[in-house]
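The sequence shown maps to residues 6 to 215 in our numbering.
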Amino acid sequence: MSRLVMLGPPGAGKGTQAKRLSASMGIPQVSTGDMLRAAKKAGTEMGKRAEKYMSAGELVPDEVVVGIVKDRLTDADCAGGFILDGFPRTVPQAQALDDAGVKLDVVVNVNVASELLVERVTGRLSCGGCGAMYHKRYNAPAVADVCDSCGSELYVRRDDTEEVFGSRLAAYEKMTAPLASFYADKGLLKEIDGVGSLDEVQARLVKAIS
Ligand code: ADP
Ligand code: ADP
Ligand code: ZN
Numbered sequence: 006m007s008r009l010v011m012l013g014p015p016g017a018g019k020g021t022q023a024k025r026l027s028a029s030m031g032i033p034q035v036s037t038g039d040m041l042r043a044a045k046k047a048g049t050e051m052g053k054r055a056e057k058y059m060s061a062g063e064l065v066p067d068e069v070v071v072g073i074v075k076d077r078l079t080d081a082d083c084a085g086g087f088i089l090d091g092f093p094r095t096v097p098q099a100q101a102l103d104d105a106g107v108k109l110d111v112v113v114n115v116n117v118a119s120e121l122l123v124e125r126v127t128g129r130l131s132c133g134g135c136g137a138m139y140h141k142r143y144n145a146p147a148v149a150d151v152c153d154s155c156g157s158e159l160y161v162r163r164d165d166t167e168e169v170f171g172s173r174l175a176a177y178e179k180m181t182a183p184l185a186s187f188y189a190d191k192g193l194l195k196e197i198d199g200v201g202s203l204d205e206v207q208a209r210l211v212k213a214i215s
């Protein structure tokens with residue numbers, strides 16, 4: 006069970022859990038959000054194009070993300086498995102993965118009620134150095150605004166505002182939520198409750214994929 010997809014709304018804890026699982030299983034986390042932010046930081050044309058959508062809380066066009074994921078999955082470190090985090094986000098993206106011959110073992114849908122998501126997202130602190138995630142209240146760093154793991158400064162993502170979150174949630178409901186039945190029909194879907202401590206959610210995740 007080593008070709009996994011983490012599905013769920015923005016702020017459900019996909020990245021947090023994918024990172025933990027990546028460390029314990031020794032397979033890479035493949036996050037389209039992280040790759041798009043890295044492209045933006047590097048100032049590539051693709052990064053600039055993606056930024057317009059990301060800052061508005063809209064999805065980046067399918068052909069852009071499908072291209073970067075297909076490329077990434079051909080890297081040697083993905084040969085033994087991977088954890089897709091934030092991809093696929095639309096049925097055409099899922100179809101493109103299928104068409105590319107990528108076989109998945111399990112798709113985990115992390116469930117968190119929308120009232121809780123807004124608080125998670127607006128309290129999120131992200132590490133610019135290693136990509137670790139913190140939360141102002143639920144998972145605060147030992148020293149304010151400094152990453153426990155790598156010592157880099159933490160920042161608030163530009164799209165982690167209440168206003169942009171509204172658009173992101175709407176995009177999720179319209180475009181991404183239908184993926185649950187897409188994968189259920191293929192017999193790949195596992196549902197987990199994403200509310201609880203990080204350890205509790207991790208235990209549910211490990212159980213769901215084993
Ligand atoms: P996603 O990748 O699904 O958007 P993240 O993993 O970045 O979600 O988590 C969103 C925010 O919620 C972060 O600030 C993170 O620290 C926090 N968080 C993650 N899991 C939990 C949890 N089980 N309980 C409370 N807060 C959480
Ligand atoms: P979250 O952690 O809240 O789920 P991500 O970091 O995964 O957010 O994504 C941030 C933004 O990047 C999204 O709002 C969207 O604009 C873009 N993005 C990331 N992954 C995809 C994807 N698979 N398809 C389209 N857009 C994406
Ligand atoms: Zn860090």
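Glycine included, C-beta positions come from ideal geometry on N, C-alpha and C.
Endpoints, the beta strand (DSSP E) within which residue i is located
| i | result |
| --- | --- |
| Y139 | 138 to 140 |
| R129 | 129 to 132 |
One or two residues paired with residue i in a DSSP bridge
| i | result |
| --- | --- |
| I73 | According to DSSP, which records beta bridges pairwise, I73 is partnered with nothing at all. |
| F87 | R8 |
| V113 | M11, K195 |
For residue i, three-class secondary structure by DSSP
| i | result |
| --- | --- |
| E205 | helix |
| V148 | coil |
| Y160 | strand |
| Y224 | Past the edges of the chain, shown from 6 to 215, lies residue 224, and the structure says nothing about it. |
| S119 | helix |
| V126 | helix |
| S186 | helix |
| K108 | coil |
| G18 | coil |
| V211 | helix |
| D82 | helix |
Range covered by the alpha helix (DSSP H) that runs through residue i
| i | result |
| --- | --- |
| E167 | 167 to 176 |
| A101 | 96 to 104 |
Notebook entry, point to check: Which residues have their C-beta within less than 6 angstroms of a heavy atom of ligand 3, listed in chain order?
Noted result: In chain order, the qualifying residues are C132, G134, C135, A137, C152, S154, C155, S157.
Note to self: Suppose only complete runs of 3+ residues qualify. What are the beta strand (DSSP E) ranges in the stretch 25 to 78, listed by chain order?
What the structure shows: 34 to 36
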